[in-house]
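Working notes, beginning with the structure itself.
Residue numbers (my numbering): 164 to 412.
Encoded structure:
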């Protein structure tokens, strides 16, 4: 959810008087000041607890104050705070933004890779002790997307592209009293020479039949991380792997 949508949602939340107006003022101010990114990665990544912890330990914000938009889920406002990253999640509800009790400010502690709730409300603290809580699952899934996106951003073959809003459209929005659109950054893969896997290669041994390899981060022996694009690999002469998926509502 892009920042202007969050600001519009916060204006409605302010009218409901369910939250401290001064806290909303501060969040709005930080949203406007932040460097904005859009991470369009689709569904939640499957991260184990250990993977999540490891990636939080290596977490580095590209700017001291950032907003990360996840179109399918919501967004996260994040800033550096000593050895931690302080985050404020926003959950998407249709075209509006929502504030779950579980999504109060959280600390991503880079010292031990943990996620800590900063709310002083004992009910919220109690809910955070139950990892099966639906609200906790949504918030943790949203943070996992941001953590995964930052890991991709740090890959050597990934670069950032600025996407400024049309000036004429912003003038029109301002005249009508709407929140202006903001410039945001997206991640792009640098063009590279395609790899060819022949019979007997390590990739072919791992899966000899032709199959789809999902995009993933690869850490090289030098310690450098690089993003590997999804592609077809394997030996078509050995057959092809097809996958069927069962979808349930």
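We put the beta carbon where it would ideally sit given N, CA and C, even for glycine.
The structure presented is a predicted model; accordingly, all values stated were derived computationally and were not measured.
Under the rule that 16 or more other beta-carbon atoms within 10 Å means buried, what is residue i, buried or exposed?
i	result
residue 340	exposed
residue 295	exposed
residue 192	exposed
residue 255	buried
residue 186	exposed
residue 168	buried
residue 385	exposed
residue 318	buried
residue 300	exposed
residue 179	exposed
residue 334	exposed
residue 271	buried
Please classify residue i: does DSSP put it in a helix, a strand, or coil?
i	result
residue 320	coil
residue 183	coil
residue 238	strand
residue 292	coil
residue 338	helix
residue 283	coil
residue 382	strand
residue 326	strand
residue 203	coil
residue 251	strand
residue 165	coil
residue 309	helix
For my contact list, residue i and residue j are in at a C-beta cut-off of 8 Å; report their separation, rounded to the angstrom.
i	j	result
residue 252	residue 239	5 Å
residue 350	residue 315	6 Å
residue 282	residue 267	4 Å
residue 173	residue 190	6 Å
residue 276	residue 220	5 Å
residue 419	residue 313	The requested residue 419 is not part of the displayed model; the chain covers only 164 to 412.
Between the options, which lies nearest to residue i when the distance is taken from Cα to Cα?
i	options	result
residue 243	230, 312, 254	230
residue 188	199, 224, 176	176
residue 248	225, 233, 235, 236	225
residue 260	182, 245, 201, 171	171
residue 203	236, 333, 216	236
residue 250	381, 164, 269, 215	269
residue 391	353, 279, 384	353
residue 381	338, 331, 165, 321	321
residue 278	217, 286, 342	217
residue 164	183, 332, 233, 284	233
- Evaluate the contact criterion for the stretch 308-328 versus the stretch 341-349: three or more CB pairs, one atom per stretch, below 8 Å. As far as the Cβ criterion goes, the stretch 308-328 touches the stretch 341-349, which means the pair count is three or higher.
- Query: Would you call the stretch 209-220 and the stretch 295-314 touching, i.e. three or more CB-CB distances under 8 Å?
  - Reply: yes
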